[in-house]
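Written out below as structure tokens is the structure these notes cover.
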């Protein structure tokens, strides 16, 4: 039994250590991706370049002799986009990137605390709550700013942005992650309460 417990403890430490390393790589990738997205935004001289969902549009794909297809997204290059529209697009990218970086860093801090033997305490509860909140607020803010920015892009092109639901659908995985981490908040809070009760009985 002692060997099994030691093996389990070693496995837990390895898993937590791996999570910290993955978080570090994730932060690096998120920074790179955020810079790449902003650079792409200004990659076309005199215009704004943006990837956007579209209402379904039929076209002929350049495959062989041509194949009928339907486009649900496109990369637009539009000039004369208002300054406020550009600012909204940049803020959407920044908010999304910073939010995920903060979540990754807080997750790494939580894993390091667990490695040190701090499990059910108020700090871990606050960390998990903060992660859950960031995973909820970040995507919501990104959707709002991106939506406003795309409204500006489509207005400059003489059209109207109509694919608002798709922006929310793209953020659903992060909303689900926020709920999952929110469950951990309850677990940590309940565990801390039970630990206090147990200490009071000793």
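In the numbering used here, the protein residues as written are 93 to 294.
Cβ atoms here follow ideal geometry from the backbone N, Cα and C, with glycine treated the same way.
- In this chain, the beta strand (DSSP E) harbouring residue 140 covers 140-153.
- Per DSSP, the unbroken alpha helix (DSSP H) holding residue 175 starts and ends at 175-207.
- Here residue 200 has 112, 115 as same chain residues with Cβ atoms under 6 Å from its own Cβ, once five neighbours each way along the sequence are excluded.
- At a Cβ-Cβ threshold of 9 Å, residue 110 and residue 144 do not count as neighbours.
- Taking 4 residues as the shortest admissible run, the region 194-279 contains the following complete alpha helix (DSSP H) segments, listed from N- to C-terminal end: 214-248.
- When DSSP states are grouped into helix, strand and coil, residue 166 belongs to the strand group.
- With a 10 Å radius around the Cβ and a threshold of 16 neighbouring Cβ atoms, residue 216 comes out buried.
- Rounded to the nearest whole angstrom, the C-alpha separation of residue 273 and residue 267 is 10 Å.
- Around the beta carbon of residue 220, 16 or more other beta carbons sit within 10 angstroms, so the residue counts as buried.
- DSSP, reduced to helix, strand and coil, places residue 159 within a strand of the structure shown.
- The C-beta distance from residue 188 to residue 234 rounds to 4 Å, short enough to meet the 8 Å contact threshold.
- Taking the Cα positions, residue 231 is about 16 Å away from residue 242.
- Taking a C-beta distance under 9 Å as the contact criterion, residue 225 and residue 182 do not qualify as a contact pair.
- In terms of Cβ geometry, residue 197 and residue 119 form a close pair [threshold 9 Å].
- Leaving aside the five residues that flank residue 283 on each side, the residues in its chain whose CB is nearer than 6 Å to its CB run, in chain order, 212.
- Across the set 208, 160, 108, 192, the C-alpha of 192 shows the shortest separation from the C-alpha of residue 126.
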